[in-house]
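Down below is the structure, laid out as C-alpha cells.
2 protein chains.
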Amino acid sequence: MTRTLLDRKPGESSEAKPPTQWLDRMRDKHITMAHGSGGKAMRELIERLFVEAFDNPLLAAMEDQAVVPLEGLRQQGTKLAFTTDSYVVNPLFFPGGSIGELAVHGTINDLAVSGATPLFLSCGMILEEGLSIDTLGQVVSRMREAAALAGVSIVTGDTKVVERGAADKLFVNTAGIGIIQRDVAISARRACPGDVVITNGNIGDHGVAILLARNELALESTVESDTQPLHDLVRLMLEVCPDIHCLRDATRGGVATVLNEFAAASQVAIHLVEAAIPVRESVRGACEILGLDPLYLANEGKLVAIVPREQADSIVDAMRTHPAGRDSAIIGEVKETPNGAVLMATAFGGLRVVDTLVGDQLPRIC
Amino acid sequence: MTRTLLDRKPGESSEAKPPTQWLDRMRDKHITMAHGSGGKAMRELIERLFVEAFDNPLLAAMEDQAVVPLEGLRQQGTKLAFTTDSYVVNPLFFPGGSIGELAVHGTINDLAVSGATPLFLSCGMILEEGLSIDTLGQVVSRMREAAALAGVSIVTGDTKVVERGAADKLFVNTAGIGIIQRDVAISARRACPGDVVITNGNIGDHGVAILLARNELALESTVESDTQPLHDLVRLMLEVCPDIHCLRDATRGGVATVLNEFAAASQVAIHLVEAAIPVRESVRGACEILGLDPLYLANEGKLVAIVPREQADSIVDAMRTHPAGRDSAIIGEVKETPNGAVLMATAFGGLRVVDTLVGDQLPRIC
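For the record, the sequence lines run as chains A and B. Going by full-length UniProt numbering, the residue at position 188 of the first sequence is 188; the numbering climbs one at a time, nothing skipped. Going by full-length UniProt numbering, the residue at position 288 of the second sequence is 288; the numbering climbs one at a time, nothing skipped.
Structure below.
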C-alpha cells in the first residue's frame, strides 16, 4: 500500500527540510533571467536541481520530450512521447503569431523531433485578474486554429486566476502526447564524424519579430515569427531517412545551443559554414545594428538535424518540397575534433568558436 | 500535407481576428478572481470559451481528465488518461504541505478518479526573477518525495523565468498520464436514484489550513492540509466495487461543487445529511467564526463517490482500512427530485439548498 502523508509519525513535521544535497552544488543563490534563457545557467539549473531531484532515466536523457514505456504499446511496436512547455512570451501578439500559436506549435514540435505523431494536448491557463475576456478569447481562438491545422486535439485543461500584479496578463502551459510509430533512434548522442548538419530554413526570425514587437528597435522593417508546426516535415524527413541521428527544434538559445548540446552529448565537433546558414536579410540587418548573433536567436519553426552524409542531399531535396522546409540547407558537418565544440568558418575566411550562451540574450521570447 | 502558417496567402494577415462567435456569449468583459474559484463563473468560462473553441468530445465531457483512444492500448483492453493542472497557491508552504505536494497529488488525483493508475508526470515551472534557489529547491524536494511515495515519475519538464513582478514567486504546472486497466465506467452522468454518496474523510482541512497560513485568522489552532494521493484508495474502492458510478476529488469549490456537477450532469437530486458529513472540530470552529461553509472549502485529498446502494457499506468498510480513508462515511443519497439540485438535511431538522458557488470564496487555494 502506498505510504501517504497521513502516515507521518507524530512529531515528524511537514516543515522539516528534506535532504537536498543537490542544492549545495548550485552556484547561484537566486533565480536570474539567465535561468530561463536556454543557455548555460538554465542547463545548470535543470541538471543540478530537477534532474538530480526527480532522478529517473527518462528525465536524465535531457531530451525535449520523454519517450515512456507502456506495455500495451510496446507489444504493438509503438511508443508514447510526452512533453510540456509553459509560454510566457511578451507581448502576447506579434507579427506572425501569438502566445496561442506558440503554445500549440512549440509542444507539437517537441513531440515531432522524437519522431512522434502529435495527437493530444492539454491547456493550463494562468490568468491575471482584470485580463480582458476579448484578449483571452483571441488567444484561445489562435490555439483552436493552430490545433485544427496541425490535426491535434486539446482534450483537457485547467484555469487558474491570480490577483492583479501576481502574473503578467496570461501564461499558458501545454503538455502533449504523441505516438512514435516508426523504428527511430533519434538522440542527441548519435552524431558521428562524417555526418551532415541540416536546418529547414531561415534562422532568427522569431527572436527579431519579438524584439520588433516590443518596440525595442527603431527599425522600419517587419519580420514575422516563423512559428509553425514541424511534425509533417519530420514525417517526410523520416520517410526519406529513417535513420536520422539527432533532431531538435532550435527555440530558446537558438541553433548554437542545440548544436552545442549535440556536440557535448555525442563527444564530437560540429563545424558550421557561415555562408551556408540561411538568414533573412532583414534579420541579418537587425542583428548587425544590435550586435546580436542569429545563431543564438530563438526560432519557433526551425529544426536542426544531423543525418548520415550519404542521405543528406536526398533529405534536403525532399524537405524543400514541403512548405515548412522550402529554404532547407546543409549548414555544416560533424568531425572528430575539437571534441565537444562547435566551430564556424566565417564569411571572412576565419574560424570561430560558437559557444553556449552564458547570459540572457532576450527574456520572455516564448 | 498539413497546411502550415507558411501557406498564408499574401495579404492574409496573421492579425486578422479569427471568428469567435462563442465570445459573444460571455457575460463578463474581464477576468475576475471568481473565474478561478471552481464555481459558476469558472464553469461559464470553461463551457463558453474553452469547450466551444477547442470543440472535441473528449474535452466536452468536462471531466477532470481526458480518456484518450490509442489504438495499441485498445487492443490490450486498456485506456490512457491524460490531465493537467497549474498550481498558484499562496503561500508556497503551509501546515501539512506545499505547492510541491499539491502539484504532484493534485494531478495524481485527477487521474485516479478516472480509475487510472498514474504513471508519469511533467513539470512546468514559471519562476519569478529573484526567487531564492533554496525556496525552489525545497519545492522541488517536496515534489520529489511526493512522487516517490506515490510511485510516479516526473519524466519531462520546462522552466521559464519572468521579470520581478511579472509572476508571484513560482507557479507549477503538472500534466499526468496514467493507464486505466479495469473495465470502469466512471462518469458524472451516472448517478441514479437510490445510489449512495460517500466521502473518504474530514472535509475543508485544506481550505482552512491555507487561511491560517495566510494569517487571515487570529486563531490559535493549527489545521493541516489534507494533501495526499488518492490512487491507491481508488484502486481499493474499485476492487470492492468495480461499478462506481461517479467519482471526483473535491478541490476548488469543495464537496458542494462536485455534487452539483453530478446532480446537473445526471439529472438527479442529491440529498445530504449534515450530521453525517465528517468535519474536524477545528475546521468547524474556524468556519463558524468566519461564516464559511465547509461544503465549499477546498480539499486536496478528499474524493466524493456515488455508488450503488447495495455495495455502499462494503466499500466504506474497505475504505476505512486504508490510511487515506480512515474517516470514510456515507453522507447522503441520490433521489429523483428536485432534479439537478443538491439539498441538505441540517442538524437542526431543516432542509436547505446547497447551490453552486457563485463568487470566489478563497483565491489561490491551489
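Using N, Cα and C, we set each Cβ at its ideal position, and we do this for glycine too. Owing to the predicted nature of the structure, the values given are computational and were not obtained by experimental measurement.
- For Ile244/B, same chain residues with a beta-carbon under 6 Å away, outside a window of 5 residues either side, are Ile186, Ala305 and Val307 in chain order.
- Contact annotation, Cys246/B with Arg190/B: C-beta distance approximately 6 Å; criterion of less than 8 Å satisfied.
- Secondary structure at Val354/B: coil, using DSSP grouped into helix, strand and coil.
- Per the coordinates, the alpha-carbon of Thr117/A lies some 15 Å from the alpha-carbon of Gln228/A.
- Nearest neighbour of Ala263/A by Cα position, chosen from Leu238/A, Glu239/A and Leu343/A, turns out to be Leu343/A.
- Among the residues of chain A, those whose CB is under 7 Å from the CB of Glu129/B are Ile31, Thr32 and Met33, following chain order.
- Per the Cβ contact rule, the region 115-129 of chain B is in contact with the region 155-169 of chain B (3 or more Cβ pairs under 8 Å).
- Leaving aside the five residues that flank Ile108/A on each side, the residues in its chain whose CB is nearer than 6 Å to its CB run, in chain order, Pro118, Ala150, Pro229 and His231.
- Annotation: Gly253/A has no Cβ neighbours in chain B at a cutoff of 7 Å; minimum Cβ distance is about 12 Å.
- DSSP places Lys40/A in the uninterrupted alpha helix (DSSP H) bounded by Lys40 to Leu45.
- For Ala147/A, the chain B residues whose Cβ falls inside 8 Å of its Cβ are Phe54, in order along the chain.
- Judged by their CB atoms, Thr135/A and Leu92/A are nearer to each other than the 8 Å cut-off.
- A direct Cα-Cα distance of roughly 8 Å separates Cys366/B from Asn90/B.
- Within 10 angstroms of the beta-carbon of Phe171/B lie 16 or more other beta-carbons, which makes it buried.
- Under DSSP, Arg142/A shares a beta bridge with no residue.
- By the beta-carbon neighbour count (other beta carbons within 10 angstroms, threshold 16), Pro363/A is buried.
- Assigned with DSSP and collapsed to three states, Asp110/B falls in helix.
- Its chain contains no residue whose beta carbon lies nearer than 6 Å to that of Asp355/A once the 5 sequence neighbours on both sides are disregarded.
- In the pairwise beta carbon analysis, the region 65-76 of chain A is classified as not touching the region 140-150 of chain B: fewer than three pairs are separated by under 8 Å.
- Taken through DSSP and simplified to helix, strand or coil, Met62/A comes out as coil.
- Chain-ordered, the chain A residues with CB closer than 9 Å to the CB of Pro363/B read Glu129, Val161, Val162 and Glu163.
- Annotation note: the UniProt domain "PurM-like C-terminal" (193-342) of chain A contains the following uninterrupted alpha helix (DSSP H) runs of length 4 or greater, listed N- to C-terminal: 205-213, 231-240, 254-266, 281-290 and 309-319.
- In the structure shown, the three-state DSSP call for Leu170/B is strand.
- Ser266/A and Ala209/A do not touch by the CB rule: their CB atoms are close to 32 Å apart, not below 8 Å.
- Ile365/B carries a coil assignment under DSSP once its states are collapsed to helix, strand and coil.
- Distance from the Cα of Glu336/A is smallest, within the candidate group Ala147/A, Thr156/A and Pro193/A, for Pro193/A.
- With respect to chain A, the C-beta atom of Phe171/B has a partner C-beta closer than 8 Å.
- Proximity to Val240/A across Met319/A, Val104/A and Val155/A peaks at Met319/A, based on C-alpha coordinates.
- Val68/A has a beta carbon lying within less than 8 Å of a beta carbon in chain B.
- Residues of chain B whose Cβ lies closer than 8 Å to the Cβ of Asp249/A do not exist; the shortest such Cβ separation is about 13 Å.
- With respect to the 8 Å criterion, Asp226/B and Lys302/B are classified as neighbours on the basis of their beta carbons.
- Less than 8 Å separates the beta-carbon of Ile203/A from that of Val255/A.
- For Gly151/A, there is no enclosing beta strand (DSSP E), as DSSP marks it with neither H nor E.
- Close to Phe120/A, with beta-carbon spacing below 8 Å, are these residues of chain B in chain order: Leu58, Ala66, Val68 and Phe82.
- Going by DSSP, Leu80/B is part of the beta strand (DSSP E) stretching over Lys79 to Tyr87.
- One finds Ile133 in chain A with Cβ atoms closer than 7 Å to the Cβ of Met26/B, taken in chain order.
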